[in-house]
Structure formats: C-alpha cells, structure tokens
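Undergrad:
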C-alpha cells in the first residue's frame, strides 16, 4: 500500500473540494459571519503564507487565546497545515498558569481575541519567547494596546497568498497540536497531539456507532476550542463537511438555545454544567429544539436526572462520553447495543446510558485493582489504563510523565467499573475515592444519587479524615432556588438510603450557595475540602 | 502520541471483548451454523496455534479456496493475526490461472472448501510451494482425496490452543492479505494489503456518510470472500460488532431473498449481476425485505433502472460504490448531500445517485485528460488517478507495476467525469472507450440507456474498427424472456436516440442469449468482440 501520511492539511483540502458550498456560521464580538469551506480554505492558505512570512518554521508553536469562531478554526488548520504546532491556551486559567504555559511551550506567536488582550498585556513582560501578537477583531483598526509588535488578523490575511500550499513534508508523527491540562494541583501539564492521532481520532468521531459526524450535520461545539481542540469536532466536522455553528465569546444559555433553533443544530458537545444551564433556559423559554439528534456530554459525569430531562421532557438524545486532555479526547461513548434496545426496560436503559459507554474501536483498556486486573462484572473497581494511537505517551517536557505513563499504558487516575457488556462507568478519581474501613466508596455514585432529588441543583461528595474509619464521606449540596428552607440533611439521606450500603451514607450533608469549579467546569474538590474544613472549624 | 500499530488482530479482540454475544450465521454445504464472536475468537486463536504448529512463519502466504462462511472468516483473522498473509484465491478462475497464482504467491498451505477439492486435485502436480492442504468440511471424516498431506479443519482446531495470543511483533506496514485481480487479458496481477490499509479502510466503512457499518447491522456480504476481502466487510463488521450472515457455497437468488427475510438483513453488498438476479426473485416471490437499510452495489456500474426498481418498487435504499482490487476496494460511495436531498427533483436525485459518488475521506484523486487535469464540470472525461493509504503502490513481483503506478498515483484505467459537487461518474474503461472521429464515446452510458428499456435484460456496447471513423459502437443486447420477437434494432435505437448526439448511436444492435462475463460478473468485452466479429463473418 502507498505510504501516504495521515496529516491534518488534507482534511481541509477535502472540504474545499467536496464541500465547498457548505458553511461555517461564526459569532464574533461584533457580528455573525457566514463563510463557506471555500472561503475558509482560501483564508487558511493566506494565513499559512502569513505565518511563513512572520518566520514561523516547522515545529514552532503558534499560541491561541480565543473563543470558538471561524478565525480560530482557520488557525486550527493553518498552523499544522504548514508544519507548525497549534497551541490552544485556556483563557480561563490564572495569569500565573498562562505565563507558565506560554513559556513552557515556547510559543513564538500569539493569536488573541480582543477581550483577552488585557490579560496578555498584564503579563507580557514575563513572556520569554513570544515574538509577535495578532489580534482577532472585526474592527478595521487595531485596538489600543501595549503589546508589540501587534498585528491585525484581517490585515495580515489581506496580504497573504490565497493559493499557498499545505506542507508536503510533514511526517504523520510530527506534532500538530498541543494543549495543557487545567490541573487542580501543581503546574499545568502539556499534551502534544500528532497529525496521525488527530486524523485517526477524526475517523473515530465519524463512525456510525460513535458521534456519527456527517455532512448532514449542523454541529455546534460548545466545548471551548481551547479545551482539547473542542474535543476534535472542528477537525472531524470540516473533514466530513458538516455545517459548523460557532457560538463565539462569552455565550449565554440563551444564545445556545437560540442558535439551536435558528440554525437547526443537529449535534452539540459540552460539559454537564453547560447542559444544566441550557436545561434551565429551555424551561423558561419556548424553543424548537427538534433538529437535535445528539447532545454529547463529557468532561465529567452527567447526573442521570440531566439525561432524563433532556430525553424525556425535550426528546433530545443525550449521549454520555468520556475522555481526557491526554486522550485527544474521545475514549468511550455510551450507546445501547441493539439487543439492549430490545431487551431492557426504560429504567435499565437509562442506567446503562448514564454510564460512560464502550471503548471506541482502535483503543485498548485495562482496569487495574489492588490485585491486578479486575473482572468485568460491573462491580469491581479499578483504575482505568488506556493504550492507543490517539493516547498521549508523555507530558511535554515534564517529569510527572513517569507516574502517568507506565509500561506503554496511560494511567488515567479515574476509577471505573466495567460490566459484562464492556460498558465503562466512572466511579471516581483515584484521588477523590473515599477509603472507609478498607472499603472503597464512590463519591460520584453518591453525587448522582443526590442530584436525582428534585430540590438539588448540584451535589459534590468529598472525603474527610476520620480517626476510626480512615476517611468518611461528606455531601455538599446546592439547592434549586426556593428550596432553602424546605429540605434538610435528613431528607437527603432518606432519599438516597435505599440505594446504598449503610457505610456508604455520608456522615453529614452541608448546604452551599455554589460549589467551586475548575476553569473547565469540573468540581474543584481540593478547594471544597478546604471550605468544609473551615465550616467545621467555625462550628467549634 | 503512543506508537500503537494499526493491525488486524486487535479488531477481532475488540469483538471478543465488546460484542462477545453477537452472532455469525454461516451457511456451509451441510448446515447452518450460529457462532458468537466469543466462539469465533476462540476458534481463531486455536487456528493460529495450529498454523504455528504446521510451521507457518511470519510473512508466509496462507491460501484459501473457499466460499463465504465462518471458517473462511476465521482464517481472515488467524493468518494476519499471527503475522502470516491471507491469500484469497478466486475459485472461478481457470485452472491455468489458479496454478499461476498459487505458485506466484508461493502459498505454503491451502485451505479448501469440499467442493473445490477436485479442482486442486487436478492441478496438484503443478503446485511448487504448497506443503499442506486443509479441507473445510462439516463432516467428521476426511473426504477421499489424492491431496497429501490433507488435514481436516475441525480436527486441527480441536488440537489448537484456545488461548493463543495474537502476534505482538507486527508492523502496521507488514502484509496482511493479498488478492489477484481477475484480469481480462494476461496473467492475473497480485495486490498485497497491509495491516494499516485494512484498518484504515475499515474505519472508512464505518463512517456515517460511507457504509455506516454498525453494531445494529445484520450484514450479508454476497460479494465473495475471495474477491478483495469481500470488499473489506468481514473486517469492518467484526470490528464494529455487526451480526454477519454468510450465504455459503453456490447460493441462489432465492437463498439470498430468504436470508434477508429470515435474518432481518440490514445491509448487503454485491455486483449488479447479483442484484439483477435478486430483483427477478423478488418479483416472483413474496419476501419481506423491509429490514434492509442499504444494498451496496459495486464492481461495475449499476444501470439506473436497477437502482429505480430497488428504491421505488421495493423501498430498498440502493447505494452505488466504486473500487478495485488495487484499492482495498472502497474509493467512492454515492450519497446525496443534505442540500441535494432538499433541492433536487426525483429525477435529478436518481441521476446523481446513479453516479459512483464522492471520494471517501482519506483518499485523493486526479482526473487526467489528454491535456492534463480536466475540470470538475461533469462533462470532461479523463482517467481516474488515485492516491491514499489503502491504495496499492505496486503489483506483487510484477513488471506491469510500472505502467499502473506512476509518480505516486495509481492509474485506474477507468475513464470518469466529475461534477462540481465532486461526484464521480465512471464513463468507461480506457480500453473500452470508443474513439470515433477524434471524439470519445462512453460505452457505459450507451449500455445504461439501453438497459432502461423494459425489454432489455442486459446490454453491452463494444467498439469495432472502422475505416472512416477509426472505431464505431455496436450494441449487444440480451432480452427478457418473451420479448424475442417483439422488439428489434430500430426499437432500441429509437429508444435511446433522444439522449445522445447522433454520432454516439451504435451502428448496429445485435441480440444474444447471454453476454460473456468474467469470474466476478463483469462484461468480458474482449470475448464479446470476438463473438461480434464471428457474427459478421458468418453473415458474409
């Protein structure tokens, strides 16, 4: 067979040739843009020639600090397309982490959204490798800024060559992209994505039994483009010719609901927090969401009640998925098998679909308990180990690699069970698992049970040290508005009691106004533990 | 990213783990078998250990002369799974070609279906490399045979190790399979399939906009397993957990119709001749075919009338595809784009779907006319050139490689047009194209037009030498039963006249009882030309 490398550039070339009329609908600060893939292709070619002119060479890192919009999409293809590396930076991180990331990755140029400029202006003196800044704005004039040299994206494009070719000298194992995990402790860790990994991951997203990304889709990635390449959807949707809707900066649930109705969105992807927000919006407004064939949900476990609300109340198929920054990210996706569709009752179906699902073809997994691999019985817990062509094999220039990547397997730090069908269920993070009297208690199971209560908006369960049992669970609950005086600790415990062994029940239930979260919407349990400690200290 | 090779063995391992209960339903000479993927996995492991015991080493060729059934499927995974090469041999070829192929590939062992034994017994003295023969039979005793040493498949399996591991030392570019093209002239040409090519091709078959192979499918490959790996469906269907129905030896259209009804077949694949036969069966019988979501048709161009009959009369979606032995084989697949679904009228939709379709993501193509690349205007004809990771880069140890594989492109020998949408239409074989007075005439277009006539069962158009015009077209027609005395040459010409320029119209229409075909059901135009020559000589 021909030795043709799997690279990112030809994915956009395919869209230029076969889907030239299809559109990218992009919301920026000032307006809504509509571009065809022919436009995107031409602009990407201009951008490659511009990067070339600015001295960007093969392997150089091109940083972005931007929301989801068409210019960001163009950089997605231009940087790897010319052999450079797309480095998406999470704009929600602390200035300290942003400085660390840019210096550690040695970004040579930064593409920055207008509203992110102040953030970079404030830290510019600490950036050691950046030689140029490009602001992505609709306005014809450059904004006032202390950044130098500062270029206008559109002006640069104006000078670019619309026929510039994608590089033909890229090896499929060359780096195409990079993203730092928003770690809850310590410095962020960098993951490098190869061309090969991105192409194979895109095939995986197109599989009928996976996300089934299709030309007929109108795809709206709500997950930020600065977070694991928006789960790879911009690459797959471009390659397969989907219409893409990009909700732009600082979107609200209202805008999401409006866009779904207006553009007949068929598939959308995001974290549970986003869908909780959308659900509240749908309950208030009167939106037509009938075009949606799939809401993909990942990043952290979705409560069963959320799935139920989408599916039963709004007839929107809700698909649970699992992945991580280190896994490009798609690892599992929850779909019923054909015989489960026929044989299971509604409640069992929901239970099954609330799990994270089966492994995507192309990957391999092992579940390691205290004494080696555990049985696939849906009961035994173990840490999930992964292997495959879109799984990272190291953190970029980071000593912490040796703990996470051992003997050819990525140790995810996620504790799971797997049932006889091969369906994976996230039980906990290894570090969040509660070890009580030699037994393991899953904080995630307790959280899901609590969140099924009508009064509960969010619930997070943490471990506190215990003299007798080593650790004991404490539940932290945020109530829906209007329930503050109506339910208490005992209601919560009574509600979940039938589902658990006695020793699993939390020792206490505390009520908070909100639960601290990471920049990507995951519970920040470290901080929550501090709050709980403080709460008990104040009581003393 | 991890350096995990794309190899065939893990595809079956995936089915063992995630689809262990799903079934392979297999018709052999004597009976119908039902095996699960757990069974297939165990038997394949036994077979690998047996091959190992028989001295088969990495890279050795394992020949098969067999129909579509579960034992053949097991060899599909066992041979490449242990690092050997699956060499499927077309049992319909002449003894002379079969001898050539086995010696040229240097097959070390042959797996033979019971009814094919006499064919091999007759040529055994000419086989230079074969060290062992295995007969695949349901019977407990070996049949009488002059082949030595001759083993029973099931007895060998009985002695095998059910826990034998798939080889871990395979490079993804190592050969996994091989198949010889049933050339219409000269010796057959061998194509070697790499592990990487087969895995990527399987992803392609699973894409939502391609064949969308799914766990929920019941797939019946009618295309023989000795012809381009049954178009790769056994690999993809196993990987993605589809139920597989294997129609076994010497099936009839009746058996196909019965299996579709009995096993709720959702997808099936084969050449136009098969579907013409099935159509006649459906017209006679009273079958429930409502489970079918797709009939894939390739190998040669399907007449529009055939597509129409399946879709309009039987509500069976008919999907036109294009490929070749050299292309693993999937290259294009015909689906309407979402906006074509909305915008085109029924007739235009049918015209579009009767084309071969758009290129599968991952491949690249060029259309070369007399003066370089031709425009994508649906008018200009040129030879189709292909490039991609599942396109062959040579014929196995064959000097003819240099004519077909030039500067990194496979020259298909197929003449095509491509429209603005990127939809490819096969116009002819370069060698069947009729060159009349400096213009090109497509024999395929004329054939399709003739086949739309109610009285016509099959039509083939060939070129005969012409003193004035260089070449002129002659139509050869097979009529449906009962039409012999009712239609003649003028009816045919009047019927197609409105669709073509005057010089395209055939100079003559000859009526035959049948049209000679290759062993894979394609018109054998070389032989037809001889028959036509003979016809005119007899008239003199």
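Chains as they are written, first to last, in UniProt numbering: chain A, 1 to 540; chain B, 1 to 540.
For every residue, glycine included, the Cβ atom is placed at its ideal position computed from N, Cα and C.
These figures come from a predicted structure and were not determined experimentally.
Compute the Euclidean distance between the alpha carbons of residue 562(B) and residue 58(A), then round it to the nearest angstrom.
TA: Because chain B is modelled from 1 through 540, residue 562(B) falls outside the range shown and cannot be assessed.
Undergrad: Using only the alpha-carbon positions, how far apart do residue 93(B) and residue 425(A) sit?
TA: 52 Å
Undergrad: Return helix, strand or coil for residue 355(A), following the three-state DSSP convention.
TA: coil
Undergrad: Excluding the five sequence neighbours on either side, which residues of its own chain have a C-beta within less than 7 Å of the C-beta of residue 259(B), listed in chain order?
TA: 220, 245, 247, 265
Undergrad: Interface residues of chain B around residue 457(A) at Cβ under 8 Å?
TA: Those within 8 Å of residue 457(A) in chain B number zero; the least Cβ separation is about 36 Å.
Undergrad: Note down, one range per segment and in chain order, each alpha helix (DSSP H) of at least 4 residues found wholly within the region 300-366 of chain B.
TA: 304-308, 338-343, 346-353
Undergrad: For residue 23(B), list the residues DSSP reports as bridge partners.
TA: Its beta-bridge partners are 36(B).
Undergrad: Would you verify that the beta carbon of residue 207(A) is, or is not, closer than 9 Å to some beta carbon of chain B?
TA: yes
Undergrad: May I ask which residues mark the beginning and end of the alpha helix (DSSP H) holding residue 126(A)?
TA: Premise fails: residue 126(A) is in no alpha helix (DSSP H) and is neither H nor E.
Undergrad: For the alpha helix (DSSP H) containing residue 526(B), name the first residue and the last one.
TA: 525-539
Undergrad: Please list the segments of the beta strand (DSSP E) lying wholly inside the region 400-486 of chain B, counting only runs of 3 or more residues, in order along the chain.
TA: 409-418, 424-429, 434-436, 439-441, 456-466, 470-479
Undergrad: List, in order along the chain, the chain A residues whose C-beta lies closer than 9 Å to that of residue 368(B)?
TA: Within 9 Å Cβ-Cβ: nothing; residue 368(B) doesn't reach chain A, min ~16 Å.
Undergrad: Just checking, does the region 457-474 of chain B make contact with the region 393-408 of chain B on the three C-beta pairs under 8 Å criterion?
TA: The region 457-474 of chain B is not in contact with the region 393-408 of chain B.
Undergrad: Determine the DSSP secondary structure at residue 248(A), reduced to helix, strand or coil.
TA: coil
Undergrad: I want to know whether the region 232-245 of chain A touches the region 9-24 of chain A - three or more CB-CB distances under 8 Å.
TA: yes
Undergrad: Within 10 Å of its beta-carbon, does residue 472(A) have 16 or more other beta-carbons around it, so buried, or fewer, so exposed?
TA: buried
Undergrad: From residue 213(B) to residue 120(B), what distance separates their C-alpha atoms?
TA: 36 Å
Undergrad: Helix or strand or just coil, what does DSSP make of residue 203(A)?
TA: helix
Undergrad: Tell me the DSSP secondary structure of residue 224(B) in three-state form.
TA: coil
Undergrad: Give me, in chain order, the residues of the same chain whose beta-carbon lies closer than 8 Å to that of residue 126(B); leave out the 5 immediate sequence neighbours on both sides.
TA: 99, 103
Undergrad: Kindly say whether residue 3(A), judged by its beta-carbon, lies nearer than 9 Å to any beta-carbon of chain B.
TA: yes
Undergrad: For residue 215(B), go through chain A and note every residue whose CB falls closer than 7 Å to its CB, in chain order.
TA: 209, 337, 338
Undergrad: Could you pull out every unbroken beta strand (DSSP E) segment of at least 3 residues lying fully inside the region 58-104 of chain B, listed in chain order?
TA: 61-65, 85-88
Undergrad: Have a look at residue 150(A) and residue 129(A) and give me their C-alpha separation to the nearest angstrom.
TA: The alpha-carbon atoms of residue 150(A) and residue 129(A) are separated by roughly 15 Å.
Undergrad: At 7 Å on the CB atoms, spell out the chain A contacts of residue 14(B), in chain order.
TA: 361
Undergrad: Consult DSSP for residue 384(B) and reduce its assignment to one of helix, strand or coil.
TA: Strand at residue 384(B).
Undergrad: Go through its chain and collect everything with a Cβ distance to residue 254(B)'s Cβ below 8 Å, but skip five positions before and after it.
TA: Excluding sequence neighbours, residue 254(B) sits near 281, 285.
Undergrad: Straight-line CA distance for residue 449(B) to residue 469(B)?
TA: 23 Å
Undergrad: Just the Cα atoms here: how many angstroms apart are residue 203(B) and residue 143(A)?
TA: 47 Å
Undergrad: According to DSSP, residue 373(B) sits in a beta bridge with which residue or residues?
TA: Per the DSSP secondary-structure output, residue 373(B) pairs in a beta bridge with 368(B).
Undergrad: Could you tell me which residues DSSP pairs with residue 109(A) in its beta bridges?
TA: 62(A), 132(A)
Undergrad: Listing by chain order, which chain A residues have their CB less than 8 Å from the CB of residue 226(B)?
TA: Result: empty, since nearest Cβ-Cβ is about 20 Å, beyond 8 Å.
Undergrad: By the DSSP assignment, the alpha helix (DSSP H) with residue 517(B) in it spans what residues?
TA: Segment: none, residue 517(B) is in no alpha helix (DSSP H) and carries neither H nor E.
Undergrad: For a cutoff of 9 Å on Cβ pairs, would you count residue 328(B) as touching chain A?
TA: yes
Undergrad: For residue 309(B), which residues from the same chain have a beta carbon less than 8 Å from its beta carbon, with the 5 sequence-adjacent residues on both sides left out?
TA: For residue 309(B), the CB contacts under 8 Å within the same chain, skipping 5 residues up- and downstream, are 279 in chain order.
Undergrad: Which chain B residues sit within Cβ distance under 8 Å of residue 212(A)?
TA: 208, 212
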